[in-house]
């Protein structure tokens, strides 16, 4: 045993939970392959956790806790196989002789203790992120089964009531069963779409933590860390997929700014105003390394391109040192790969920096009729910034006022209001003033 | 939360570490990396190759290694985990490999939390 006897029950519960966090996804993944049912696999793993919570405080944490959990769950699985009528139903489904099937099931169970772990985990990842599920179902299931988060933790993270999350998880599992989704790796033809769905879910988790879309809370960093952990797991399991590294690079570089992007009073600090000495150099270094791996693997996809853009900031020791031309070119590539008015708006910013605010404003102005940007606070905010640089303060102030009305983030609203107010002294500037005509 | 785990050795056999141990250490490191927990790690060359910069009594002195400590610092690992217990679990696995695969080895791992953005967060 590893832990000394003088541990309290609470201590040892926390130790069990730590093991659970490290092992649960792999245990559930191994069981899911054996029982072909994610819900049942989770139940079995939970049973094993309960057994651990009873036994480990008395006997100590076993030498190989992951194998212990798997073995305990395996015994329960065999019990269930023998007892449950689902066993027979499953037998009929595969149209196999019962004895043979049982032998195979037991052989598979033994197998799972060996080295299928990586593949199993990948199967589980692809299954819980299956496009057949609604986005919220995929998010909840991923955090629950891959992240080991409780329903309550997920509810708190997404600012929804706990029963809602419970329902989402329940429905998602049922949908997987109803639609007879195989717990398997996607066939090669489906891989791009299925991988896109996995990457999307991980990045959604990250973004939920990085910027709260409503209310006061600017950062909920634990979701960022969870997403980065999943991104690292995925990149480790699919080292030949450039976008797995690209997404990881994007998240690590963005997260490197977390220590610098909030003022002591909680107000957001824009990227160019951040104290770069507070950027997390370890995450920058890891992010650039992951980007390097993505680049070495070939053509850059949307996540790698976004990471390459983020890297333009990360490599610059001062805002003035930013390679805006490279960034504008990368945005053009990104717009080509994933055409979107939001990408164009970002390109407007980069072009404004690289080739002057007038050129940036041309692009931003061309986006004014875009339906997708209707109600999007950053369109007026970007126009306001470019107009301000052109000396058109009055128009700029009006744009920031509009941005403040549109945003749902209180902190952001305060920031836009402050910019509008700062521009107001120019209000009574004479229209012939050269500074106003740009 | 980030934790720095430093490994110090107090006694080790004369012969070099067995290949089994080195392989197991490599595997565990890979596992911890693939689990998304291990951010950075490295073994450390003997302090004979290092130096110590010290301030004492207002005087700054630089002394070449080796340091005359009973316990030599031999490696570090930087983890990002949710709880201290998780870092302790990874450290325990690491130390256990030494116990199981290199009889006679004795040492200790310190698990220390790094300050993070949460420590400098504005008061709620």
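Residue numbers (the working numbering), protein chains in the order written: chain A, 2 to 439; chain B, -18 to 105. Idealized CB from N, CA, C, for every residue including glycine. In this text, all values refer to a predicted model and were calculated from it rather than measured experimentally.
For residue j and residue i, believed in contact at Cβ under 8 angstroms, the rounded distance
i: residue 67 of chain A; j: residue 18 of chain A; result: Not quite, the Cβ-Cβ distance comes to about 14 angstroms (not below 8 angstroms), so this is no contact.
i: residue 184 of chain A; j: residue 128 of chain A; result: 5 angstroms
i: residue 186 of chain A; j: residue 123 of chain A; result: 6 angstroms
i: residue 348 of chain A; j: residue 329 of chain A; result: 6 angstroms
i: residue 378 of chain A; j: residue 422 of chain A; result: Not really, about 17 angstroms apart at Cβ, beyond 8 angstroms.
i: residue 17 of chain B; j: residue 233 of chain A; result: 4 angstroms
i: residue 26 of chain A; j: residue 147 of chain A; result: 5 angstroms
i: residue 86 of chain B; j: residue -1 of chain B; result: With a Cβ gap of about 10 angstroms, residue 86 of chain B and residue -1 of chain B do not count as contacting.
i: residue 247 of chain A; j: residue 308 of chain A; result: 5 angstroms
Contacts of residue i in chain A (Cβ-Cβ under 8 angstroms)
i: residue 20 of chain B; result: 283, 287
Alpha-carbon to alpha-carbon, residue j and residue i
i: residue 65 of chain B; j: residue 81 of chain A; result: 36 angstroms
i: residue 243 of chain A; j: residue 373 of chain A; result: 29 angstroms
i: residue 321 of chain A; j: residue 38 of chain B; result: 44 angstroms
i: residue 45 of chain A; j: residue 382 of chain A; result: 52 angstroms
i: residue 354 of chain A; j: residue 325 of chain A; result: 6 angstroms
i: residue 1 of chain A; j: residue 121 of chain A; result: Any question about residue 1 of chain A goes unanswered here, given that chain A covers just 2 to 439.
i: residue 392 of chain A; j: residue 385 of chain A; result: 10 angstroms
i: residue 98 of chain A; j: residue 83 of chain A; result: In this prediction, residue 98 of chain A scores a pLDDT of 48, lower than 50, which makes its location untrustworthy; the coordinate-derived value is nonetheless stated afterwards. Their backbone Cα atoms lie some 14 angstroms apart in a straight line.
i: residue 133 of chain A; j: residue 368 of chain A; result: 33 angstroms
i: residue 88 of chain B; j: residue -8 of chain B; result: 7 angstroms
i: residue 166 of chain A; j: residue 362 of chain A; result: 43 angstroms
i: residue 113 of chain A; j: residue 380 of chain A; result: Note that residue 113 of chain A scores a pLDDT of 49, beneath 50, so its modelled location is shaky; the value from the coordinates is reported in the next line. Their backbone Cα atoms lie some 52 angstroms apart in a straight line.
i: residue 30 of chain A; j: residue 13 of chain B; result: 17 angstroms
i: residue -11 of chain B; j: residue 80 of chain B; result: 13 angstroms
i: residue 294 of chain A; j: residue 50 of chain B; result: 41 angstroms
i: residue 219 of chain A; j: residue 211 of chain A; result: Confidence is the limiting factor: at residue 219 of chain A the pLDDT is only 43, short of 50, which leaves the residue's position unreliable and the question unanswerable from this model.
i: residue 161 of chain A; j: residue 319 of chain A; result: 40 angstroms
i: residue 15 of chain A; j: residue 152 of chain A; result: 18 angstroms
i: residue 273 of chain A; j: residue 145 of chain A; result: 36 angstroms
i: residue 159 of chain A; j: residue 226 of chain A; result: 15 angstroms
i: residue 63 of chain B; j: residue 40 of chain B; result: 42 angstroms
i: residue 365 of chain A; j: residue 415 of chain A; result: 23 angstroms
i: residue 356 of chain A; j: residue 2 of chain B; result: 58 angstroms
Listed by chain order, chain B residues near residue i by CB distance under 8 angstroms
i: residue 18 of chain A; result: 64, 66
i: residue 23 of chain A; result: 16, 18, 67, 70, 71
Buried/exposed call for residue i, threshold 16 Cβ in 10 Å
i: residue 96 of chain B; result: exposed
i: residue 213 of chain A; result: Only weak support exists for where residue 213 of chain A lies, its pLDDT of 49 falling under 50; the value from the coordinates is given anyway. That one is buried.
i: residue 435 of chain A; result: Only weak support exists for where residue 435 of chain A lies, its pLDDT of 44 falling under 50; the coordinates are left without a value.
i: residue 58 of chain A; result: buried
i: residue 190 of chain A; result: exposed
i: residue 93 of chain B; result: exposed
i: residue 64 of chain A; result: exposed
i: residue 237 of chain A; result: buried
i: residue 199 of chain A; result: buried
i: residue 7 of chain B; result: exposed
i: residue 425 of chain A; result: exposed
i: residue 174 of chain A; result: buried
i: residue 300 of chain A; result: exposed
Contacts of residue i in chain A (Cβ-Cβ under 9 angstroms)
i: residue 14 of chain B; result: 233, 237
i: residue -1 of chain B; result: By Cβ distance, chain A contributes nothing, its closest Cβ being about 19 angstroms from residue -1 of chain B, past 9 angstroms.
Neighbouring residues, chain A, relative to residue i (Cβ below 7 angstroms)
i: residue 84 of chain B; result: None at all; the shortest Cβ gap to chain A is about 16 angstroms.
i: residue 61 of chain B; result: 226
Partners in chain B for residue i, counting only beta-carbon separations shorter than 9 angstroms
i: residue 229 of chain A; result: 17, 61
Chain-ordered neighbours of residue i on chain B, where CB pairs are closer than 7 angstroms
i: residue 15 of chain A; result: 64, 66
8 angstroms Cβ cutoff, residue i in contact with chain E
i: residue 362 of chain A; result: In the structure shown, chain E cannot be found, because the protein chains are A and B.
Margin query: Could you check whether the segment 276 to 286 of chain A touches the segment 243 to 257 of chain A, counting it as contact only if at least three pairs of C-beta atoms, one from each stretch, sit closer than 8 angstroms?
Written below: yes
Notebook entry, point to check: Do three or more CB pairs link the segment -18 to -4 of chain B to the segment 46 to 60 of chain B at distances below 8 angstroms?
Noted result: yes
Check: Does the count of Cβ pairs from the segment 68 to 86 of chain B and the segment 27 to 35 of chain B closer than 8 angstroms reach three?
Finding: no
Check: On the three-pair Cβ rule with 8 angstroms, is the segment 302 to 313 of chain A touching the segment 268 to 275 of chain A?
Finding: no
Notebook entry, point to check: Within the chosen definition, does the segment 272 to 279 of chain A reach the segment 333 to 349 of chain A through at least 3 CB pairs nearer than 8 angstroms?
Noted result: no
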